[in-house]
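For reference, the structure discussed in these notes is given below.
Chains as they are written, first to last, in my numbering: chain A, 225 to 458; chain U, 47 to 174.
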């Protein structure tokens, strides 16, 4: 594998799972017990180093999937890879992050056909590239829109990055934008100079928190639902 | 679906970019023929704009080797490789306890970064 040479330097395979304290808040935990998020401070303590995670991570998953009979003409690897991509790519897995692509397939087991079914079932172990910045990471993104609650930034592939009003650089003030209704122009007062934050500025920000809100039962909000939100400060 | 290992290894931006390139993301301007999904193309576009687009595997291993005297942790090295700070101001938020651990060698570290990843300045200035 061509990447092995680099990964030897960066893999922290000794990190046990339970040292990883998740920075996000959840209303309902799928496994039952609700976990309280640790209090976060602006000083980033050693917990940042213990985790050793990065913006993009590899995650190993195991999944049992049915392979539709019309896919059986393809070579098995390709058919399974196509199915995995259809299932996982560009989707958000709760608590993990946004899945970017399938890195590789480690093993394929099974292939049995259960009674009453026409499609074989495989148990596949594979690795995905997951996008998931850690708390305290610094990322640069473009400004997408701004309103009275704060700014919203986009990375091209991920657009639910919010800077709430409280975390804007101090002091800054908002003025109603004459051109777009409902949008507000933020200006940053620094050393008696005004810096306008608008256009397609590229802003560097630090991640404060990642939320995975629960899937709502009813669509009350006119805004489309975001399964993963990143709250940042600039 | 079962999560076997949540954190099987951090990837630098360059590694992700390399992976997408090896699947053919770069060669196809029409974006239809390559076996890369449209959402993956967006990731590829984003990564091309960052520092990772001008790096090579050798430069990253070289940087990791040269960083050893500074005693940085792995996540710090990854962050530096990803962001490529070009001045000491940019390094401050990346490394904890900078002054206590490095003291005067901050400038040397910045110079090392600029030396190992040399085309960073031209890339960012030729963009826009």
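From the three backbone atoms N, C-alpha and C, an ideal C-beta is built for every residue, glycine too.
Remember, predicted model here, so these are calculated numbers, not experimental data.
Checklist line | Alpha-carbon to alpha-carbon, residue 337 of chain A and residue 318 of chain A | finding: Working through the first chain from its first residue, we reach residue 318 of chain A at position 94. Working through the first chain from its first residue, we reach residue 337 of chain A at position 113. Between residue 318 of chain A and residue 337 of chain A, the C-alpha separation is close to 30 angstroms.
Notebook entry, point to check: Is the beta carbon of residue 308 of chain A less than 9 angstroms from the beta carbon of residue 283 of chain A?
Noted result: Reading the first chain from its first residue, position 84 is the one you call residue 308 of chain A. Reading the first chain from its first residue, position 59 is the one you call residue 283 of chain A. Cβ distance not < 9 angstroms, so residue 308 of chain A and residue 283 of chain A don't count as in contact.
Check: What residue range is occupied by the uninterrupted beta strand (DSSP E) comprising residue 128 of chain U?
Finding: One-based indexing of the second chain puts residue 128 of chain U at position 82. Premise fails: residue 128 of chain U lies in the alpha helix (DSSP H), 120-129, not in any beta strand (DSSP E).
Notebook entry, point to check: In terms of residues, what are the limits of the alpha helix (DSSP H) holding residue 107 of chain U?
Noted result: Taking the first residue of the second chain as 1, we reach residue 107 of chain U at position 61. Taken as a continuous stretch (DSSP letters only), the alpha helix (DSSP H) holding residue 107 of chain U covers 103-112.
Notebook entry, point to check: To the nearest whole angstrom, what separates the beta carbons of residue 353 of chain A and residue 325 of chain A, a pair I think is in contact under 8 angstroms?
Noted result: By one-based count along the first chain, residue 353 of chain A stands at place 129. By one-based count along the first chain, residue 325 of chain A stands at place 101. Yes, they are in contact, since the Cβ atoms of residue 353 of chain A and residue 325 of chain A sit about 5 angstroms apart, within 8 angstroms.
Next item on the list: Quick one: measure Cβ to Cβ for residue 83 of chain U and residue 313 of chain A, integer angstroms, because I've assumed they're closer than 8 angstroms.
Entry: Here residue 83 of chain U corresponds to residue number 37 of the second chain, with the count starting at 1. Here residue 313 of chain A corresponds to residue number 89 of the first chain, with the count starting at 1. About 5 angstroms; that satisfies the 8 angstroms criterion.
Next item on the list: Output, in chain order, the set of chain U residues within a Cβ distance shorter than 8 angstroms of residue 283 of chain A.
Entry: As a working note, residue 283 of chain A is residue 59 in the first chain. For residue 283 of chain A, the C-beta contacts it makes with chain U under 8 angstroms involve 49, 51, 52, 53, 54, in order along the chain.
Next item on the list: Flag this pair as yes or no: are the beta carbons of residue 347 of chain A and residue 332 of chain A separated by less than 9 angstroms?
Entry: If you number the first chain from 1, residue 347 of chain A lands on position 123. If you number the first chain from 1, residue 332 of chain A lands on position 108. Contact flag set, yes.
Check: Taking the alpha carbon of residue 131 of chain U as the point to measure from, which residue in U:161, U:92, U:114, U:49 has its own alpha carbon closest?
Finding: For the purposes of this step, residue 131 of chain U is taken as residue 85 along the second chain, with counting starting at 1. Shortest Cα-Cα distance from residue 131 of chain U to any of U:161, U:92, U:114, U:49 involves U:161.
Notebook entry, point to check: Straight-line CA distance for residue 120 of chain U to residue 343 of chain A?
Noted result: Position 74 of the second chain, counted from the start, is the residue given in the question as residue 120 of chain U. Position 119 of the first chain, counted from the start, is the residue given in the question as residue 343 of chain A. Roughly 45 angstroms between the two C-alpha positions.
Notebook entry, point to check: So what does DSSP say about residue 320 of chain A, is it helix, strand or coil?
Noted result: By one-based count along the first chain, residue 320 of chain A stands at place 96. Correct three-state label for residue 320 of chain A: coil.
Checklist line | Short Cβ contact (9 angstroms threshold) for residue 368 of chain A with residue 286 of chain A | finding: Taking the first chain and counting its residues from 1, the one referred to as residue 368 of chain A is at position 144. Taking the first chain and counting its residues from 1, the one referred to as residue 286 of chain A is at position 62. No, the pair does not count as a contact, with Cβ atoms beyond the cut-off.
Next item on the list: Give a yes or no on whether 9 angstroms exceeds the smallest Cβ distance from residue 135 of chain U to chain A.
Entry: Working through the second chain from its first residue, we reach residue 135 of chain U at position 89. No, residue 135 of chain U lies away from the interface with chain A (no Cβ there is under 9 angstroms from its Cβ).
Check: Can you find a C-beta in chain U that's less than 9 angstroms from the C-beta of residue 379 of chain A?
Finding: On the first chain, residue 379 of chain A is found 155 positions in, with the first residue counted as 1. So, interface residue.
Note to self: Taking the alpha helix (DSSP H) that residue 84 of chain U belongs to, which residues open and close that run?
What the structure shows: Translated into positions along the second chain, residue 84 of chain U becomes position 38. 84-95 is the span of the alpha helix (DSSP H), which, as asked, contains residue 84 of chain U.
Notebook entry, point to check: With DSSP run on the structure shown, which of helix, strand or coil describes residue 274 of chain A?
Noted result: In the first chain, residue 274 of chain A corresponds to position 50, counting from 1. Interpretation of residue 274 of chain A is limited by its pLDDT of 38, a score under 50 that renders its predicted location unreliable; no figure is taken from the coordinates.
Next item on the list: Say whether chain U places a C-beta atom closer than 9 angstroms to the C-beta of residue 278 of chain A.
Entry: As a first step, residue 278 of chain A is located in the first chain; it is residue number 54 there, counting from the start. Interface flag for residue 278 of chain A against chain U is set, since a Cβ pair is found closer than 9 angstroms.
Notebook entry, point to check: First and last residue of the beta strand (DSSP E) that includes residue 289 of chain A?
Noted result: One-based indexing of the first chain puts residue 289 of chain A at position 65. Residues 280-290.
Check: Interface residues of chain U around residue 351 of chain A at Cβ under 7 angstroms?
Finding: The residue you call residue 351 of chain A lines up with position 127 of the first chain. 54, listed in chain order.
Check: For the candidate residues U:154, U:51, U:114, U:62, whose alpha-carbon lies nearest to that of residue 133 of chain U?
Finding: Locating residue 133 of chain U in the second chain gives position 87, counting from the first residue. Residue U:154 holds the alpha-carbon nearest to the alpha-carbon of residue 133 of chain U among U:154, U:51, U:114, U:62.
Notebook entry, point to check: If you draw a straight line from the C-alpha of residue 293 of chain A to the C-alpha of residue 302 of chain A, how long is it?
Noted result: The residue you call residue 293 of chain A lines up with position 69 of the first chain. The residue you call residue 302 of chain A lines up with position 78 of the first chain. Each residue's alpha carbon lies about 14 angstroms from the other.
Next item on the list: Please decide whether residue 324 of chain A counts as near chain U, where near means a Cβ-Cβ distance under 9 angstroms.
Entry: Indexing the first chain from 1 puts residue 324 of chain A at position 100. At least one chain U Cβ lies under 9 angstroms of residue 324 of chain A.
Note to self: Cutting at 7 angstroms between CB atoms, please list the residues of its own chain near residue 315 of chain A, excluding the five before and the five after it.
What the structure shows: In the first chain, residue 315 of chain A corresponds to position 91, counting from 1. Correct list, in chain order: 323.
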